[in-house]
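A.B. asks: Let me begin by handing over the structure; questions about it come next.
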Amino acid sequence: MANDGGVWVKLEDAGSSAPGAAVINDAASNYDNKDAGVTIDGKTYDIYTFTTPTTTRSMRLTDEAQARITDEDLLMAVATTELPDDFTGDPATLFDRKYRSQLRNAFEITPAVDPGLLLTVAEPGGFADVLVVGAGGHGAGGAGGASGGGGGAGGLIEARVFLEQGNNAVKVGGSPNYYGYAANGEASFIGNYIAPGGGVGCNGTYSTSGNGGSGGGGKATFAGDSLQGLGTPGFGHDGDKTNANFGGGGGAGGPGVGTTGGPGKDVYITGTKMTLAAGGNGNGPLVSNPAPANSGNGGATYSPGGNGLVIVRVEI
4 MANDGGVWVK LEDAGSSAPG AAVINDAASN YDNKDAGVTI DGKTYDIYTF TTPTTTRSMR
64 LTDEAQARIT DEDLLMAVAT TELPDDFTGD PATLFDRKYR SQLRNAFEIT PAVDPGLLLT
124 VAEPGGFADV LVVGAGGHGA GGAGGASGGG GGAGGLIEAR VFLEQGNNAV KVGGSPNYYG
184 YAANGEASFI GNYIAPGGGV GCNGTYSTSG NGGSGGGGKA TFAGDSLQGL GTPGFGHDGD
244 KTNANFGGGG GAGGPGVGTT GGPGKDVYIT GTKMTLAAGG NGNGPLVSNP APANSGNGGA
304 TYSPGGNGLV IVRVEI
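Note that the numbering used here gives residue 184 to position 181 of the sequence shown, counting from 1, and the numbers run on in steps of one.
Next up, the structure:
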């Protein structure tokens, strides 16, 4: 899946003539949780949290198939084949005939799900404190199942913004879960405010690291070339490029260093500290250890990253 990009626009208070705090129409909105009347630093807020990711229709190998298939070329073919939107047959028929006997009944299909998240703002629109975190990139698997670079964290931005009157669409980015060969995390957004997903880690054989909100961890070659992914300025940092094996993914708070993922950032939008969007560790074992849900963390080796997160805080 391709990593979404975007431009985050931070708006400053335009003065007393500007609209005040956004007024939310709860009945028309679709969110996962609301904390009403929260007092923070002497002010009272309603806090709306969005945690359900939008998923696209996709296929992956079953756990049984993952355990028995060792052909690197076949695994690569699976990782780079997309399921057509109108396809209803056995995915094995999408591959070269020489692979079909190995791929019969070897797939799990994930249907597309759009939770229809949105926040409806009353006329004339207004200001809100917003946190948007993209999904973390998947940690890669290395050649022969040995190791791989950690995934980069999703981009993280916390700012005061102006929300337009009407329905402001919300997307919570997901971190696609493909065995061994993986994908960038997906962007999260509310309205026009977008935080890109993190980059996938480098597997050292078939791909370089992905660029994203934060870059995936790379491998430094003997020739001195770097395969690390690059972060997007203002969103996150680069993956490690100096480690002789496989580096850690970049985090929102700093780059990957050696096999250790970069640090996340502390945010306080809910009144309680949350540390989000840390890079995934590289060079790990052949074990899936998914990042915490809705953390935006990059995935460690062979592991999916954390889904994204959107939080809107409105003063009342």
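For glycine and all other residues, C-beta sits at the position ideal for the given N, C-alpha and C.
At which residues does the alpha helix (DSSP H) containing Leu279 begin and terminate?
C.D. replies: Working through the sequence shown from its first residue, we reach residue 279 at position 276. Premise fails: Leu279 lies in the beta strand (DSSP E), 277-279, not in any alpha helix (DSSP H).
A.B. asks: Please classify Tyr271: is it buried, with 16 or more other beta-carbons within 10 angstroms of its beta-carbon, or exposed?
C.D. replies: Taking the first residue of the sequence shown as position 1, residue 271 is located at position 268. So Tyr271 ends up on the exposed side.
A.B. asks: Which stretch, first to last residue, makes up the beta strand (DSSP E) that contains Ala39?
C.D. replies: Indexing the sequence shown from 1 puts residue 39 at position 36. Ala39 -> beta strand (DSSP E) spans 36-43.
A.B. asks: Please specify which runs of the beta strand (DSSP E), each continuous and at least 3 residues long, are wholly inside the region 234-301, giving them in chain order.
C.D. replies: 268-270, 277-279
A.B. asks: Within a Cβ cutoff of 8 angstroms, which residues of the same chain sit near Arg60, ignoring the five residues on either side of it in sequence?
C.D. replies: Position 57 of the sequence shown, counted from the first residue, corresponds to residue 60. Leu86, Asp88, Ile112, Thr113, Pro114, Ala115.
A.B. asks: Kindly confirm or deny that the region 186-196 and the region 299-313 touch, where touching means at least three C-beta pairs closer than 8 angstroms.
C.D. replies: yes
A.B. asks: Are the CB atoms of Leu121 and Lys268 nearer to each other than 9 angstroms?
C.D. replies: Position 118 of the sequence shown, counted from the first residue, corresponds to residue 121. Position 265 of the sequence shown, counted from the first residue, corresponds to residue 268. No, these two residues do not count as a Cβ contact at 9 angstroms.
A.B. asks: Should Gly140 be labelled buried (16 or more other beta-carbon atoms within 10 Å of its own) or exposed?
C.D. replies: Along the sequence shown, read from residue 1 onward, the residue named residue 140 stands at position 137. Looking at its Cβ environment, which holds 16 or more other Cβ atoms inside 10 Å, Gly140 is buried.
A.B. asks: For Ile27, does the count of other Cβ atoms within 10 angstroms reach 16, so buried, or fall short, so exposed?
C.D. replies: Here residue 27 refers to the residue found at position 24 when the sequence shown is read from its first residue. Buried, because 16 or more other Cβ atoms sit within 10 Å of the Cβ of Ile27.
A.B. asks: Taking Asp66 as part of the beta strand (DSSP E), name the residues at either end of that continuous run.
C.D. replies: For this step, residue 66 is matched to residue 63 along the sequence shown. Here Asp66 belongs to no beta strand (DSSP E); instead the alpha helix (DSSP H) covers 66-71.
A.B. asks: In terms of residues, what are the limits of the alpha helix (DSSP H) holding Tyr102?
C.D. replies: By 1-based counting over the sequence shown, the position of residue 102 is 99. Start and end: 100-106.
A.B. asks: By DSSP, does Val81 sit in helix, in strand, or in coil?
C.D. replies: Working through the sequence shown from its first residue, we reach residue 81 at position 78. In this structure, Val81 counts as helix in the three-state DSSP scheme.
A.B. asks: Is Ala125 helix, strand or coil when you go by DSSP?
C.D. replies: Indexing the sequence shown from 1 puts residue 125 at position 122. Reduced to three states, the DSSP call for Ala125 is coil.
A.B. asks: Alpha carbons only, please: which of Thr57, Val124, Gly287 is nearest the one belonging to Gly151?
C.D. replies: Here the question's residue 151 lines up with position 148 in the sequence shown. The shortest C-alpha separation from Gly151 is found at Gly287.
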